[in-house]
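Chains as they are written, first to last, in our numbering: chain A, 305 to 636; chain B, 305 to 636.
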């Protein structure tokens with residue numbers, strides 16, 4: 305049987321390897337054609353796996369001696385910590401032993417390592433980090449949330465095309481709509497980058513470009529793919545997460561502020577949970593770094609098992625449908 | 305008695321002049337040293353005022369024959385509609401008859417008219433639109449939310465200084481903290497504009513610069529003044545408003561989704577209202593356009609009377625404390 309080989313970096317996250325291994329085992333059950341390479345502390349991993357029931361041929365423990373932590377300088381860490389769980393995982397992809405890597409580690413190191421170790425597809429100018437944003441309707445793929453600031457219009461066009469291919473072949477959305485973040489709906493609005501990118505996107509006949517989207521409309525899911533330069537993208541994603549969290553926390557506080565309100569809270573709990581789960585990203589897997597010679601998926605630092613399992617599913621779809629091959633075919 | 309003279313554009317908003325006049329009359333009562341110039345449809349205004357009890361010397365109706373609507377091209381509208389309620393109001397400021405103008409009209413036309421009719425203070429490079437952003441703590445002044453995209457670092461520094469003076473002298477905050485929107489906390493993070501602006505802000509000894517702020521921290525009120533380039537600022541403000549509105553709507557929907565949840569909703573209503581009122585901007589007045597030879601305050605298109613009254617209060621503080629004079633002294 306030809307396996308889909310996925311490396312999983314079991315270190316670098318906030319919760320230690322336990323959740324990651326649990327999610328990995330679930331992913332293994334769910335996907336009979338997957339083999340997992342777990343990089344990290346050998347003893348810890350053997351211990352986590354010793355009572356588990358799984359096909360021994362389909363999990364490979366790759367013992368590593370180093371760990372890249374959250375606060376290290378990304379490029380330096382990737383260059384010097386050759387035996388870290390992250391770098392070894394990336395090397396497995398580079399060497400063709402694995403098709404994809406999942407990591408909950410240092411975001412900067414993941415972005416830097418993707419470029420430095422795995423490398424870009426020839427012709428791809430920059431590799432955007434794409435995030436599935438929860439909305440009141442269906443989720444949108446938002447990119448770039450990475451580190452490619454101050455880019456050129458042609459790069460934005462590549463992002464739009466890669467995002468469109470991803471949504472089509474991984475999320476199964478036919479003819480995904482693509483919008484660019486702008487400060488007004490009209491074509492003449494925007495900064496220099498957006499004004500220069502807009503007409504280029506309009507000319508593309510291989511994407512379904514629907515024009516500008518204002519940030520206030522993002523929560524309503526008005527486009528399948530949303531493109532922005534990384535500074536703007538980063539600001540949007542972090543505000544989206546931060547503001548939702550702040551408001552939910554405040555509302556929870558209000559509910560628990562008096563005896564009466566506590567009873568009220570109990571009565572609305574069920575309806576509320578259903579609503580709020582729409583805004584939870586954990587069942588959507590991680591953020592793919594697109595345009596590399598292999599897939600890298602960044603999951604949250606505080607990921608629980610569910611997110612790991614979703615990320616495995618996501619990698620399987622990506623590889624099964626040869627999205628990298630399609631990027632080579634359509635973008636370059 | 306020497307009056308503070310404030311022009312109010314009673315047209316261009318979504319709700320017609322009724323609310324504006326109501327708010328104006330309240331403002332008049334609250335501020336005995338204020339005289340108001342109401343620009344707009346003479347008959348309508350006379351009708352609104354005919355049964356009201358107020359000091360006739362302190363309201364001047366300035367009849368105008370034109371109106372600039374939301375969808376008009378800003379510069380063209382300001383240039384051609386010379387007898388519109390907005391342009392006439394601006395002309396009153398230009399001619400020195402009024403110290404300030406309040407308008408709920410077309411944002412673009414307000415920004416354009418400020419520059420074209422009233423004009424910048426000599427030495428001020430760009431005039432930012434500043435918005436008081438509600439947070440879980442005290443509100444922050446956020447600028448620029450206007451139209452000054454792709455600006456130079458020196459312009460960002462002027463924004464920081466004007467914002468700081470405003471918070472100090474209008475909101476009464478001693479030594480207001482100033483932060484710049486960035487994609488990380490470290491000084492070396494950011495795009496080219498932020499990287500160039502950061503050291504300039506650090507050098508300013510007349511502001512209390514506290515470094516970078518990530519967008520996710522904006523809802524927590526971690527800085528009194530937050531500076532961003534207008535594209536980023538516009539995206540942040542619109543997402544802030546849009547996402548809050550979307551989430552509150554969704555939560556309300558959840559509360560009304562079943563019989564049980566409806567009862568629950570009744571029980572938490574009071575606590576919830578208190579919480580949500582923190583996130584309402586109506587008692588904070590409008591958005592000042594800073595750096596002009598006179599003050600322009602933009603209020604929401606759907607402003608009710610309360611926001612008009614608050615904006616009058618805001619103008620009074622601005623003029624009483626001669627913020628324009630201080631901008632001339634400290635910025636230029």
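Here a beta-carbon is modelled for each residue, glycine too, at the ideal position from N, C-alpha and C. Since we're looking at a predicted model, the values are computed, not measured.
Return yes when the Cβ of residue 484 of chain B is within less than 8 Å of the Cβ of residue 516 of chain B, no when it is not. For the purposes of this step, residue 516 of chain B is taken as residue 212 along the second chain, with counting starting at 1. For the purposes of this step, residue 484 of chain B is taken as residue 180 along the second chain, with counting starting at 1. Yes, these two residues count as a Cβ contact at 8 Å.
Determine the contact status of residue 528 of chain B and residue 471 of chain B, defining contact as a CB-CB distance below 8 Å. The residue labelled residue 528 of chain B in the question sits at position 224 within the second chain. The residue labelled residue 471 of chain B in the question sits at position 167 within the second chain. Cβ atoms of residue 528 of chain B and residue 471 of chain B: closer than 8 Å.
Close beta carbons around residue 356 of chain B, own chain, < 6 Å, minus the five adjacent residues each side: As a position in the second chain, residue 356 of chain B is number 52, starting the count at 1. Around residue 356 of chain B: 329.
Against chain B: residues of the segment 420-431 of chain A by CB proximity under 9 Å: none
Determine the chain B residues that contact residue 546 of chain A at a beta-carbon separation under 9 Å, and present them in chain order. Counting from one through the first chain, the residue named residue 546 of chain A turns up at place 242. Those within 9 Å of residue 546 of chain A in chain B are 518, 519, 520, 521, 522, 523, 524.
Cβ of residue 627 of chain A within 8 Å of any chain B Cβ: On the first chain, residue 627 of chain A is found 323 positions in, with the first residue counted as 1. Output row for residue 627 of chain A: interface = no.
Less than 8 Å between CB atoms is the rule here; does residue 535 of chain A satisfy it with respect to chain B? Sequence index remark: in the first chain, residue 535 of chain A carries index 231 (1-based). Chain B, which has a Cβ nearer than 8 Å to the Cβ of residue 535 of chain A, makes this yes.
What does DSSP give as the partner residues of residue 436 of chain A in its beta bridges? Working through the first chain from its first residue, we reach residue 436 of chain A at position 132. Bridge partners of residue 436 of chain A: A:445.
Residue 554 of chain B versus chain A: which residues are under 7 Å apart at the beta carbon? Your numbering for residue 554 of chain B matches position 250 in the second chain. By Cβ distance, chain A contributes 440, 579.
Going by CA-CA distance only, name the one from B:553, B:476, B:577, B:405 that's closest to residue 444 of chain B. Residue 444 of chain B sits at position 140 when you count from the first residue of the second chain. Nearest C-alpha to residue 444 of chain B: B:476.
Residue range of the unbroken beta strand (DSSP E) whose run includes residue 527 of chain B: As a first step, residue 527 of chain B is located in the second chain; it is residue number 223 there, counting from the start. First-last for residue 527 of chain B: undefined, no H or E at that position.
Does DSSP classify residue 424 of chain A as helix, strand or coil? The residue you call residue 424 of chain A lines up with position 120 of the first chain. If DSSP states are grouped into helix, strand and coil, residue 424 of chain A belongs with the strands.
Helix or strand or just coil, what does DSSP make of residue 538 of chain B? Position 234 of the second chain, counted from the first residue, corresponds to residue 538 of chain B. Of the three classes helix, strand and coil, the one that applies to residue 538 of chain B here is helix, per DSSP.
Counting pairs of Cβ atoms below 8 Å between the segment 332-342 of chain B and the segment 431-439 of chain B, do you hit three or more? no
For residue 581 of chain B versus residue 572 of chain A, is the C-beta spacing smaller than 8 Å? Along the second chain, read from residue 1 onward, the residue named residue 581 of chain B stands at position 277. Along the first chain, read from residue 1 onward, the residue named residue 572 of chain A stands at position 268. Their beta carbons are not under 8 Å apart, which means residue 581 of chain B does not touch residue 572 of chain A by this criterion.
In chain order, what residues of the same chain lie with their CB nearer than 6 Å to the CB of residue 586 of chain A, ignoring the 5 residues before and after it? Position 282 of the first chain holds residue 586 of chain A. Only weak support is given to the placement of residue 586 of chain A: the predicted model assigns it a pLDDT of 49, under 50, and the question is left unresolved by the model.
Work out the CA separation of residue 452 of chain B and residue 460 of chain A for me, nearest whole Å. Position 156 of the first chain holds residue 460 of chain A. Position 148 of the second chain holds residue 452 of chain B. Residue 460 of chain A and residue 452 of chain B: Cα-Cα distance of roughly 22 Å.
If you reduce the DSSP assignment to three classes, tell me which class residue 455 of chain B lands in. Position 151 of the second chain, counting from 1, holds the residue named residue 455 of chain B. Of the three classes helix, strand and coil, the one that applies to residue 455 of chain B here is coil, per DSSP.
Beta-carbon separation of residue 416 of chain B and residue 390 of chain B under 8 Å? Locating residue 416 of chain B in the second chain gives position 112, counting from the first residue. Locating residue 390 of chain B in the second chain gives position 86, counting from the first residue. No.
So, for residue 362 of chain A: in the same chain, excluding its five sequence neighbours on each side, which residues have a beta-carbon less than 8 Å away from its beta-carbon? For the purposes of this step, residue 362 of chain A is taken as the residue at position 58 of the first chain. Excluding positions up to five away in sequence, the list reads 307, 332, 338, 339, 340.
At which residues does the alpha helix (DSSP H) containing residue 609 of chain A begin and terminate? For this step, residue 609 of chain A is matched to residue 305 along the first chain. Counting along the chain, the alpha helix (DSSP H) containing residue 609 of chain A begins and ends at 609-624.
Nearest chain B C-beta to residue 568 of chain A closer than 8 Å, yes or no? Looking up residue 568 of chain A in the first chain gives position 264. Closer than 8 Å to some Cβ of chain B, the Cβ of residue 568 of chain A qualifies, so yes.
Cross-chain neighbours of residue 456 of chain B in chain C, by beta carbon under 9 Å: No chain C appears in this structure, whose protein chains are A and B.
Compute the beta-carbon to beta-carbon distance between residue 634 of chain A and residue 465 of chain A, rounded to the nearest angstrom, for a pair I have assumed lies under 8 Å. Taking the first residue of the first chain as 1, we reach residue 634 of chain A at position 330. Taking the first residue of the first chain as 1, we reach residue 465 of chain A at position 161. Contact holds; Cβ gap of about 6 Å.
If the cut is a Cβ gap below 9 Å, which residues of chain A does residue 591 of chain B touch? Numbered from its first residue, the second chain carries residue 591 of chain B at position 287. The premise fails here: residue 591 of chain B is roughly 15 Å from chain A at the closest Cβ pair, so nothing lies under 9 Å.
Partners in chain B for residue 557 of chain A, counting only beta-carbon separations shorter than 9 Å: The sequence position of residue 557 of chain A within the first chain is 253, counting from 1. Ordered by position in chain B, the residues that pass the 9 Å Cβ test against residue 557 of chain A are 575, 579.
If you measure from the CB of residue 481 of chain B, is any heavy atom of the ligand PLP nearer than 7 Å? The ligand PLP is absent from the structure shown, which contains no ligand whatsoever.
Buried or exposed: which applies to residue 507 of chain A, given that a residue is buried once 16 or more other Cβ atoms fall within 10 Å of its Cβ? Taking the first residue of the first chain as 1, we reach residue 507 of chain A at position 203. The residue in question, residue 507 of chain A, is exposed, as its Cβ has fewer than 16 Cβ neighbours within 10 Å.
Taking all protein chains shown into account, decide if residue 493 of chain A is buried (16 or more other Cβ within 10 angstroms of its Cβ) or exposed. On the first chain, residue 493 of chain A is found 189 positions in, with the first residue counted as 1. When all chains shown are included, residue 493 of chain A counts as buried.
Where does residue 474 of chain B fall in DSSP's three states? Residue 474 of chain B sits at position 170 when you count from the first residue of the second chain. Here residue 474 of chain B sits in coil by DSSP.
If the cut is a Cβ gap below 8 Å, which residues of chain A does residue 453 of chain B touch? In the second chain, the residue the question calls residue 453 of chain B occupies position 149. Near residue 453 of chain B (Cβ distances below 8 Å), the residues of chain A are 487, 494, 495, 496.
Is the segment 316-329 of chain A touching the segment 403-412 of chain A, taking contact as three or more C-beta pairs under 8 Å? yes
Thinking C-beta only, is residue 392 of chain B closer than 8 Å to residue 366 of chain B? For the purposes of this step, residue 366 of chain B is taken as the residue at position 62 of the second chain. For the purposes of this step, residue 392 of chain B is taken as the residue at position 88 of the second chain. Yes, these two residues count as a Cβ contact at 8 Å.
List, in chain order, every chain A residue whose beta-carbon is nearer than 7 Å to that of residue 550 of chain B. Counted from its first residue, the second chain places residue 550 of chain B at position 246. Within chain A, the residues near residue 550 of chain B are 440, 523, 524.
Evaluate residue 385 of chain B with the Cβ neighbour count: other Cβ atoms within 10 Å of its Cβ, from every protein chain shown; 16 or more gives buried, anything less gives exposed. By one-based count along the second chain, residue 385 of chain B stands at place 81. Residue 385 of chain B should be labelled buried.
Taking residue 387 of chain B and residue 309 of chain B to be in contact with their CB atoms under 8 Å, please state how far apart those CB atoms are, rounded to whole angstroms. Along the second chain, read from residue 1 onward, the residue named residue 387 of chain B stands at position 83. Along the second chain, read from residue 1 onward, the residue named residue 309 of chain B stands at position 5. With a Cβ gap of about 20 Å, residue 387 of chain B and residue 309 of chain B do not count as contacting.
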